[in-house]
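Visitor: Positions 388 to 769 (the working numbering) are the ones given, in order, by the sequence shown.
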Amino acid sequence: MIVAGVMSGTSADGINVALVQISQRKNHSLALKLIGHSEVPYPKNVRTAVLRAMNAKQASVADLARLNFLLAELYSQAVLVTQREFQVRARLVGCHGQTLYHQAEPGLFLGRKISSTWQTGEGSVMAARVGVPVVCDFRPADMAAGGKGAPLVPFLDFLIYRDKKIGRIAQNIGGIANLTAIPANASLHQVFAFDTGPGNMVIDAVTEHLFGRSYDRDGKIAASGRVLDDVVKKLLKRKYFLRKPPKTAGREEFGREFVKEFVQLCQPAEKQDIVATATALTARSIGESVRRLVLNKKGSYSEFVASGGGTKNPTLMAMLTNEVRVLGLNLRLSDEFGMPSEAKEAVAFAVLAYQTWHKRPSNIPSATGARKSAILGKICYA
Ligand SMILES: Nc1ncnc2c1ncn2[C@@H]1O[C@H](COP(=O)(O)OP(=O)(O)O)[C@@H](O)[C@H]1O
Ligand SMILES: [Mg+2]
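Encoded structure:
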C-alpha cells in the first residue's frame, strides 16, 4: 500500500511529504520503501500566522478555525504536487498537522487537572482534496491513555534501527530535539524516548531577532562567534534538563519567553556569540541527556543516528560530534539507513497511518508514558 506521510514541525518552516510503500512481512513486521519525498516551505505570511498562533496568549477563534482549513489546503497541495512528481498515487494519507498547543503535564483548568494537545489541519478537507482517506490527530489517543502524546516517531525508529548487536540512539533535531533509545536486541517495551530540549528553535529565534534571518544558514554565524560557556552551564541546570523521562517540550518551554531570557543572560556579548551559544546549548543538552538519561541505564549502545533540519547545520554537527565521541558513540546520519534526514518524520506519519488503518496500535507506552497501547488518530473518509 502506498501511503503519503505529511509532517509540519514546530520550526514552522514548512511541509514535508513522504510517499512510502508499506507492506507486511510474514513475521508481521513492516517493510518500508521510500518512493520519494519533498519539502514545501510555508508562504511567509502563513509562517508568520502559524508562529503567532503558537505563541499567542490569546488568539481569535475565527482565525484559528480558518487556519485549520487553510493549512489543510496547503497540505493537500503538497501531497498532490509530490504525487505528480513521483508519478504515484497514495491510497491513504497520514497527516500530523501543525501543533499549536501541547501541554503534556496536567495543569489546573476550571477546577480540573487537564493535559491537552492540538494539531491543526482539517483532515476532512484533505480527504476531499486528495481523494483518499486521511488519518490525522494522532496524539490525543495516547494522552487519553495517560501518555504525554509524544514522541510518536519511536515506532518508526524501532522499525529501522533495532539491531541484535548494535544499540542505537536516534536523535532528531527539528525545532525541538528528541531522542529514541533502542538498546541492542531490544524488544518494543525496552525502547524509551524523550525530548532532549531545544533543537533549532532557539538558534532560529535568536538569528531572526539579531540578524533578521529565519535561520543560521549552514551555521555560518555560529561558526564566527564564541560560545559563552557560563551561560550554557547555567541553563543546563534548568528544571527541564534535569527532569527524568518521559518528558516533552515545545514552544511552551523554549519559545519566546525562554529566548528573551536567553538573550539577556548572554549580555554583554557580540551578536554572533549569542547564536554560537544557542547552537552550543542544543549540542550540550543533547550530549548531557545521552550521558545522564540514557547511558546510565541498562542496555548497550554504540551508535548515535542523527536526523532533522539540524543535521544541515555544520557548526551544530561539529559540536555534536565532539559530544557523542567522548561518550564512545559513533555519529551517523539517518540518510545512511535510506532515510533522508528531512523526510524521516513524514515517513513516520505514513507508517502510523498505516497502523491505524489496520486497527493496530502504534504508540510505545514506554516512550510516551501511556498506561497502554492505543490505536492513534482519527480517520476522515474521502
Ligand atoms: N542549511 C541549513 N543550515 C542551517 N540550518 C538549517 C539548514 N537547513 C535547515 N536548517 C534548520 O532546520 C530547521 C528545520 O528543521 P525541521 O527538521 O524541518 O524541523 P521541524 O520538524 O521542527 O519543522 C530550520 O528551521 C533550520 O533551523
Ligand atoms: Mg520542518
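Glycine residues also receive a C-beta, built at the ideal position from the N, C-alpha and C atoms.
Which complete beta strand (DSSP E) runs does the stretch 640–709 hold, if anything under 3 residues is left out?
Guide: Fully enclosed beta strand (DSSP E) runs of 3 or longer: 690–694.
Visitor: Mapping the DSSP letters down to three states, classify F525 as helix, strand or coil.
Guide: It is coil, neither helix nor strand.
Visitor: Just list the residues that DSSP pairs G392 with in beta bridges.
Guide: A405 and G481.
Visitor: Taking 7 Å as the cut-off, is the beta-carbon of N403 closer than that to any non-hydrogen atom of ligand 2?
Guide: Yes; taking the cut-off as 7 Å, the Cβ of N403 has a heavy atom of ligand 2 nearer than that.
Visitor: Does the beta-carbon distance from V407 to A737 come in below 8 Å?
Guide: Cβ atoms of V407 and A737: closer than 8 Å.
Visitor: May I ask you to list the residues that DSSP assigns as paired with K420?
Guide: Answer by DSSP bridge pairing, in chain order: Q408.
Visitor: Could you name the residues that DSSP lists as bridge partners for Q558?
Guide: In DSSP, Q558 forms a bridge with L566 and A693.
Visitor: Around the C-beta of E732, are 16 or more other C-beta atoms found within 10 angstroms, so that it is buried, or is it exposed?
Guide: By the neighbour-count rule (16 or more Cβ atoms within 10 Å), E732 is buried.
Visitor: Within the present structure, is the beta-carbon of D400 separated from the nearest heavy atom of ligand 3 by less than 7 Å?
Guide: Although ligand 3 was asked about, the structure shown includes only ligand 1 and ligand 2 as ligands.
Visitor: Among L457, S416, P541 and I560, which has the Cα closest to the Cα of G637?
Guide: Comparing Cα positions, the closest option is I560.
Visitor: For A449 versus A440, is the C-beta distance shorter than 8 Å?
Guide: Not closer than 8 Å, so no.
Visitor: Nearest to V466 by alpha carbon, out of F456, G423 and L680?
Guide: Per the Cα distances, G423.
Visitor: Measuring alpha carbon to alpha carbon, tell me which residue in Q485, L417, A459 and A532 is nearest G510.
Guide: The shortest C-alpha separation from G510 is found at A459.
Visitor: Any heavy atom of ligand 1 within a distance shorter than 7 Å of the CB on T567?
Guide: No.
Visitor: To the nearest angstrom, how far is the alpha carbon of L763 from that of A528?
Guide: Roughly 5 Å between the two C-alpha positions.
Visitor: Helix, strand or coil: how does DSSP classify D603 here?
Guide: Looking at D603 - three-state DSSP - the assignment turns out to be coil, as it is neither helix nor strand.
Visitor: State the Cα-Cα distance for the pair P493 and A537, rounded to the nearest angstrom.
Guide: For P493 and A537, the distance between alpha carbons rounds to 14 Å.
Visitor: Cα separation between V734 and G484?
Guide: Their backbone Cα atoms lie some 14 Å apart in a straight line.
Visitor: Write down the C-beta distance between M588 and T435 rounded to the nearest angstrom, noting that I regard them as a contact closer than 8 Å.
Guide: Not quite, the Cβ-Cβ distance comes to about 16 Å (not below 8 Å), so this is no contact.
Visitor: Tell me, please, which residues DSSP counts as bridged to T717.
Guide: First, the amino acid is wrong: residue 717 is Asn here, not Thr. Bridge partners of N717: E690.
Visitor: Under the three-state reduction of DSSP, which class applies to T635: helix, strand or coil?
Guide: In this structure, T635 counts as coil in the three-state DSSP scheme.
Visitor: Mapping the DSSP letters down to three states, classify Q490 as helix, strand or coil.
Guide: Correct three-state label for Q490: strand.
Visitor: Starting from T469, follow the alpha helix (DSSP H) in both directions and report where the run begins and ends.
Guide: That run of the alpha helix (DSSP H) goes V448 to F473.
Visitor: By DSSP's criteria, Q506 is part of a beta bridge. Which residues make up the other side?
Guide: For Q506, which the question treats as bridged, DSSP gives the partners T486.
Visitor: Grouping DSSP H, G and I as helix and E and B as strand, with all else coil, what is P538?
Guide: Residue state, collapsed to three classes: coil.
Visitor: Verify whether the separation of the beta carbon atoms of A667 and V619 is less than 8 Å.
Guide: Yes, the Cβ-Cβ distance between A667 and V619 is below 8 Å.
Visitor: Identify every residue that forms a DSSP beta bridge with F579.
Guide: In the DSSP output, where bridge partners are listed per residue, F579 has A568.
Visitor: Taking its Cβ as the centre, do 16 or more other Cβ atoms sit within 10 Å of P655, making it buried, or is it exposed?
Guide: P655 should be labelled exposed.
Visitor: At what residues does the beta strand (DSSP E) containing I590 begin and finish?
Guide: Unbroken run through I590 is the alpha helix (DSSP H), M588 to F598; no beta strand (DSSP E).
Visitor: What first and last residue would you give for the beta strand (DSSP E) that runs through K765?
Guide: Note, K765: beta strand (DSSP E), K765 to C767.
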